[in-house]
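Asks: Structure in structure tokens, see below.
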Amino acid sequence: MANKTKKKKQTEIFALGNEAVVEGALLAGCDFFAGYPITPSTEIAEEMARRLPCLERGVFIQMEDEIASLGAVIGASLAGRKAMTATSGPGFSLMQEHIGYACITETPLVLVNVMRAGPSTGMPTSPAQADVQQARWGTHGDHPIVVLSAGDVQECLEMTVTAFNFAEKYRTPVILLLDEVTAHTREKITIPDPEGLYIYSRLLPSMPPEWYMPFEDNMRGVSAMPPLGSGYRYHVTGLTHDDHGYPTSKPKEVESFINRLFRKIDQFFYDIQIVDEIQCGDADTCIIAYGCVGRSAELAVQMARERGEKVGLLKLKTLFPFPRPVVEKMLRQCSSVLVPEMNMGQISREVKRVNNGLSKVNTLNRIDGQIITPGEILKKLLKG
Amino acid sequence: MSKDMPLNRFEIRLSGLGGQGIITLGKIMGQALALDHGYYVTQTQSYGPEARGGASRSDLVISSSPISYPKTISLDLLVALSQEACNKFFTNLKAGGFLVVDTSMVAQTPTNIFLGLPLTDMARKIGLVQTANIVTLGALTHFLPFMRAASVRKSLKSILPSKIIDINIKAFNAGFNAAKKEYPDAPEKWTSS
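Chains Z and U, in that order, are what the protein sequence lines are. In terms of numbering that gives the first Met the number 0, the first sequence opens at residue 0 and continues consecutively. In terms of numbering that gives the first Met the number 0, the second sequence opens at residue 0 and continues consecutively.
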């Protein structure tokens, strides 16, 4: 009997990528959304507006703009909520300042950016993958950040859960990059049983409030984070701060602070860097792709294998920190790699950086607001 | 579920103008095929920034095995609810593929081989011109041998709001019956896929 009820919890729905993001967020325990709707991410805000008020603690706010949206998300997260927002290119540009604030104050949050063709207003209803380097380097100053991507609808759900887990585990903003194709594709997805799902929530302090040091270093480099208003008083600032949270410009304290920000991500690369290896074992040529282009590449690999070509596919789900070890392995193994992407070459420059003369890196770029087709990839592969 | 006809990337494009309900039509068909039948389905959409007018289209890929590339490559079925869409996408149809047109919207077809019904006029006769997409759905349910009417009705009821469901069921039946009367042997004619 118990088994039967458990099976029932796994429901199948026919959903958009954007709707799957909402399902994933709610499974991960998201109870705060602040945003400003923008095509092609609007369905996330719509669905959140429908679903969050039904939850006991759920809050949905439509803010006056994207700057305020991320501000509200940071505030909610400091107050103990699992918070997220969703936007697209123009809104993402506005959010950059607050992303930096979230980095330096180590505030966990999830930011979904559904990429559309840019720059500026660009083409609101057309796909692109041109915000990749902006997601990594958009906000000023040296900062570590986690950037994830998803290619199909089930992945949208899974990677949203992962994004929340990483945000909470490493006290960092996590950016989930989707593209218009992925966000606006409907597919059948399975909503996993919440009981069997791995959900991480931030560590709360175990010491009394007077002993608490908000930014103290430890093995993980991530300190416990009490919700504001729970009796633990501490100072939150965008200035470089010491272990107590107060501004400092002493070189030693600044150095150890910035080093810790990097170390808390660097030492867990093995946990953060997620890739899918498809037919890579005996591959002589490898495609490195992400997002919707990863799906085109999957069909291209199948078509190439039917012709007897030994082609493999490395699908990047974590874009930053760039999954160097596995990319390097493929570069050593293959005589050439192909990086198809819907921009002028933003991930291929990472691949070339890692390459260092190991292999030949070919690129395939498309910037006209259309998805790269399997045929185009195959043609480029056969040309070498 | 086991009675599903085996399909290998059966590709459908529903096209017309923004506001005709093209994407809703795709959603209803997709849900029926994905949840009630056992198929893998991807439904993608493409439209301009306008709320009404402008080109709108929704693509469906239906397969018995998992689908990698979610968009269409060459079409097995093109449904055109506007002259512009018919002209633009006709060349994407594969040899042996079918063209379905709304004869009240498309005055000139690029070929003499097509399945035509005055879908918009039929919707107007039912009393609500906005049901043209559901009339189309009814006709397609007859044309496509692998799509069961009962499943489509179920999907229709779950997606559309209950206050407009009656007129839409009427529209669905009208489309289904007209297609059956006009083209009784259409389902057997599929040569591709």
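No residue lacks a Cβ here, since even glycine has one placed at the ideal position from N, Cα and C.
1) Are the CB atoms of Gly34(Z) and Thr84(Z) nearer to each other than 8 Å?
2) Could you please give the first and the last residue of the uninterrupted beta strand (DSSP E) stretch that includes Glu252(Z)?
3) Tell me where the beta strand (DSSP E) around Val385(Z) begins and ends.
4) Which two residues bound the contiguous beta strand (DSSP E) that contains Lys351(Z)?
5) Is the segment 266-279 of chain Z touching the segment 304-317 of chain Z in the sense that three or more CB pairs, one from each, lie closer than 8 Å?
6) How about Ser222(U): is its C-beta nearer than 8 Å to some C-beta of chain Z?
7) What residues match up with Asn361(Z) in a beta bridge as DSSP calls it?
8) Taking a Cβ distance cut-off of 8 Å, strictly less, list which residues of the segment 362-377 of chain Z are near chain U, in chain order.
9) Looking only at its chain, what residues have a beta carbon closer than 6 Å to the beta carbon of Tyr211(Z), apart from the 5 residues adjacent to it on each side?
10) Is the beta carbon of Gly244(Z) closer than 8 Å to that of Val253(Z)?
11) Find out if the Cβ-Cβ distance for the pair Ala75(Z), Ala67(Z) is shorter than 8 Å.
12) Is the Cβ-Cβ distance between Ser57(U) and Leu24(U) less than 8 Å?
13) Can you check whether the CB of Thr86(Z) is closer than 8 Å to the CB of Gly237(Z)?
14) Relative to the C-alpha of Ala101(Z), which candidate in Val113(Z), Met114(Z), His142(Z) has its C-alpha closest?
15) Shorter than 8 Å from the beta carbon of Gln30(U) to some beta carbon of chain Z?
16) Using a C-beta to C-beta distance shorter than 8 Å, which residues of chain Z count as neighbours of Gly47(U)?
17) Which partner residues of Tyr193(U) appear in the DSSP bridge assignment?
18) Taking 8 Å as the threshold (C-beta atoms), are Ala31(U) and Ser150(U) in contact?
19) Name the residues in the segment 298-320 of chain Z whose C-beta lies less than 9 Å from a C-beta of chain U; which are they?
20) Which residues of chain Z have a Cβ atom closer than 7 Å to the Cβ of Thr43(U), listed in chain order?
21) Any idea which residues DSSP pairs Met122(Z) with across the strands?
22) With a threshold of 8 Å between beta carbons, is Lys187(Z) in contact with chain U?
23) Between Lys379(Z), Glu45(Z), Gln9(Z), which has its C-alpha nearest Asp192(Z)'s C-alpha?
24) Taking the beta carbon of Pro183(U) as the centre, do at least 16 other beta carbons fall within 10 Å, making it buried, or is it exposed?
25) Closest by CA to Glu154(Z), which one among Arg80(Z), Gln266(Z), Ile273(Z)?
26) Quick one: what's Gly15(U) bridged to in DSSP?
27) Here's a check: name, in chain order, each residue in its chain whose Cβ is nearer than 8 Å to the Cβ of Met0(Z), leaving out the five neighbours to either side.
28) Throw me the rounded Cβ distance for the Lys187(Z) and Glu11(Z) pair, which I believe falls under 8 Å.
29) CB Ile93(Z) to CB Asp130(Z), shorter than 8 Å?
30) Please check the pair Val300(Z) and Val336(Z), which I expect to be a contact at CB under 8 Å, by giving their CB distance rounded to whole angstroms.
31) If you draw a straight line from the C-alpha of Gly137(Z) to the C-alpha of Gln95(Z), how long is it?
32) Under DSSP, the beta strand (DSSP E) around Leu177(Z) begins and ends at which residues?
33) Mark Tyr46(U) as exposed unless 16 or more other C-beta atoms lie within 10 angstroms of its C-beta, in which case mark it buried.
34) Got a sec: which bits of the segment 66-94 of chain U sit with their beta carbon under 9 Å from any beta carbon on chain Z, in order along the chain?
35) Taking Cβ positions only, does Phe165(Z) come closer than 8 Å to chain U?
36) In chain order, what residues of the segment 272-300 of chain Z put their CB closer than 8 Å to some CB of chain U?
Replies: Put simply:
1) yes
2) Premise fails: Glu252(Z) lies in the alpha helix (DSSP H), 250-265, not in any beta strand (DSSP E).
3) There is no way to answer for residue 385(Z), as the model of chain Z reaches only from 0 to 383.
4) First-last for Lys351(Z): 347-354, but that is the alpha helix (DSSP H), not the beta strand (DSSP E).
5) yes
6) Chain U is shown from 0 up to 192; residue 222(U) falls before or after that span and cannot be answered.
7) Leu337(Z)
8) Ile370, Thr372, Pro373, Gly374
9) Pro204, Tyr231
10) no
11) no
12) yes
13) no
14) His142(Z)
15) yes
16) Thr124
17) No answer is possible for residue 193(U): it lies beyond the span of chain U, which begins at 0 and ends at 192.
18) yes
19) Leu298, Ala299, Val300, Gln301
20) Val180, His183, Thr184
21) Ala116(Z)
22) yes
23) Gln9(Z)
24) exposed
25) Ile273(Z)
26) Ser55(U)
27) Note that Met0(Z) has pLDDT 38, beneath the 50 cutoff, so the model's placement of it is unreliable and the number below is only indicative. Counting only Cβ-Cβ distances below 8 Å, and skipping sequence neighbours, we find nothing.
28) 6 Å
29) At residue 93(Z) the sequence reads Leu, which differs from the Ile that was named. No, Cβ-Cβ distance for Leu93(Z) and Asp130(Z) is not below 8 Å.
30) Not really, about 13 Å apart at Cβ, beyond 8 Å.
31) 6 Å
32) 172-178
33) buried
34) Ile66, Ser67, Tyr68, Pro69, Lys70, Ile72
35) no
36) Cys291, Arg294, Ser295, Glu297, Leu298
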